[in-house]
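K.L.:
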Amino acid sequence: MKEYKIAIVGATGLVGRKVIEILEEYKLPISQCELFATRKSAGTDFFFNGKRCLVKELKENSFDEGFDFAIFSAGGEASKKYAPIAASKGCIVVDNSSAFRMDPNVPLIVPEVNSEELKKHNGIIANPNCSTIQAVIPLKVLDTHYKIKRIVYSTYQAVSGAGQDGVNDLEKGLLGEEPKKFPYPIVNNCIPHIDSFLDNGYTKEEEKMINETRKILKNPNLKITATTVRVPVINSHSESINVEFENKFDLDELKNVLKNAKGIIVQDDIYKNIYPLATNANGHDESFVGRIRRDFSVESGINFWCVSDNIRKGAAANAVQIVKQLMTN
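For the sequence shown, the working numbering assigns the number 13 to the initial residue and increments by one for each residue that follows.
Laid out in structure tokens, this is it:
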């Protein structure tokens with residue numbers, strides 16, 4: 013069996029550390045794993061498959077030794093600068109930032125949804141936004157069967173989506189400290205403000221969900237609106253998703269379609285108070301779906317609740333799954 017050399021860029025962050033954990037868990041055929049980060053984080057020790065790994069400073073010549081794959085989780089600026097360098101050395105880059113997501117020449121991949129697009133890569137593959145990934149898994153299935161006409165997103169996003177600084181704001185805020193990451197205390201608040209505001213009144217996070225969903229579902233004119241909200245939950249994003257269809261549907265059949273789909277766990281029994289929760293989604297790679305019910309305000313529509321581990325499936329696991337698919341193809 014062929015073995016591969018892989019680089020992890022941004023290895024000391026929440027997502028980078030989770031990537032290392034999942035690579036070990038998936039037992040991929042990796043002969044060498046090199047870890048990179050900024051100068052500030054260089055020198056940190058990690059273990060991979062029982063071997064001590066020293067985090068190196070990311071430089072322009074970091075990829076000269078030749079890697080098969082690199083997973084980037086170091087932010088947009090680092091990706092813009094170093095991902096093309098890595099790709100030019102024959103390394104396939106899976107990038108977790110927003111730097112390349114809307115580039116028409118870069119595939120935006122969720123393996124359960126559009127893995128066929130992987131063959132179109134030119135050395136760089138984009139990982140979608142965490143809130144987009146968990147949503148498009150059930151949405152793709154529904155679009156295939158009933159043809160989606162319109163989507164309304166309302167998200168309830170965990171503080172881990174803002175990195176370690178977001179987690180610190182919640183944990184230290186519970187002790188009475190003032191926020192450093194968020195504009196207001198996240199304790200006892202839901203903040204309808206993720207990323208910066210645009211001139212049209214939306215935030216960049218909302219725009220990302222809208223545009224990325226359109227690209228992944230291959231429908232640039234799909235009607236979508238979104239409101240994204242930060243909530244005082246450590247991990248796993250929750251989303252209320254309203255969908256209007258072109259075609260009519262039977263609700264029981266629709267639920268079965270979701271139950272039989274890859275990457276989805278349906279938890280939907282209101283008589284037993286069974287529905288997806290953030291605490292149950294933690295540590296899993298699936299999108300948990302429940303509260304599936306007909307929207308009686310339109311001719312053909314539903315509401316459902318969708319929860320997923322944003323650090324795991326929303327970033328790290330999705331990237332590792334892309335690498336795994338490329339290794340096995």
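All residues carry an ideal CB built from backbone N, CA and C; glycine is no exception.
Treat the numbers as computed from the prediction; the structure is a model and nothing was measured.
Exposed or buried, which one is Asp343 when buried takes at least 16 other CB atoms within 10 Å?
P.N.:
Residue 343 falls outside the range modelled here, since the chain spans only 13 to 341, and no answer is possible.
K.L.:
Taking DSSP as the reference, what is the three-state secondary structure of Ala49?
P.N.:
Correct three-state label for Ala49: strand.
K.L.:
Cβ of Ile228 within 8 Å of Cβ of Leu130?
P.N.:
Cβ distance not < 8 Å, so Ile228 and Leu130 don't count as in contact.
K.L.:
What's the gap between the Cα of Asn223 and the Cα of Pro140?
P.N.:
Distance between the alpha carbons of Asn223 and Pro140 is about 10 Å.
K.L.:
Taking 7 Å as the limit between beta carbons, can you name the residues of its chain near Lys336, skipping five residues before and five after?
P.N.:
Excluding positions up to five away in sequence, the list reads Tyr38 and Leu40.
K.L.:
Can you tell me which of Gly78, Gly102, Val106 and Glu77 puts its alpha carbon nearest to the alpha carbon of Ser91?
P.N.:
Out of Gly78, Gly102, Val106 and Glu77, Val106 has the C-alpha closest to the C-alpha of Ser91.
K.L.:
Taking 8 Å as the threshold, find out whether the region 171-186 comes into contact with the region 265-282 through three or more Cβ pairs.
P.N.:
Contact between the region 171-186 and the region 265-282 is absent, because fewer than three Cβ pairs lie under 8 Å.
K.L.:
How far does the alpha helix (DSSP H) with Arg29 in it extend, from its first residue to its last?
P.N.:
Residues Leu26 to Tyr38.
K.L.:
Please go through the same chain and pick out, in chain order, the residues whose beta-carbon is closer than 7 Å to the beta-carbon of Glu36, but skip the five residues on each side of it.
P.N.:
If we look at Glu36 and ignore the five residues flanking it on each side, its Cβ neighbours are Phe60 and Asn61.
K.L.:
Here's the rule I'm using: 16 or more other beta-carbon atoms within 10 Å means buried, otherwise exposed. How should Phe81 be labelled?
P.N.:
Counting Cβ neighbours within 10 Å, Phe81 comes out buried, since at least 16 surround it.
K.L.:
Put Glu77 into one of helix, strand or coil per three-state DSSP.
P.N.:
Here Glu77 sits in coil by DSSP.
K.L.:
Could you please give me the residues that DSSP links to Asp16 through a beta bridge?
P.N.:
Note on identity: in this sequence residue 16 is Tyr, with Asp being the wrong assignment. Partner(s): Ile42.
K.L.:
Name the two residues that bound the continuous beta strand (DSSP E) containing Val118.
P.N.:
Val118 -> no beta strand (DSSP E), and no H or E assigned at all.
K.L.:
Suppose you measure from the CA of Thr50 to the CA of Lys271; what does that come to, to the nearest Å?
P.N.:
Answer to the nearest angstrom: the Cα atoms are 43 Å apart.
K.L.:
Tell me which same chain residues have a C-beta within less than 8 Å of the C-beta of Glu69, skipping the five on either side of it?
P.N.:
Around Glu69: Phe48, Ala49, Thr50, Arg51 and Ala54.
K.L.:
Assuming the contact rule is C-beta atoms closer than 8 Å, Glu251 and Ser166 should be a hit. Round their C-beta distance to whole Å, please.
P.N.:
Indeed, because the Cβ distance is near 7 Å, the residues count as touching under 8 Å.
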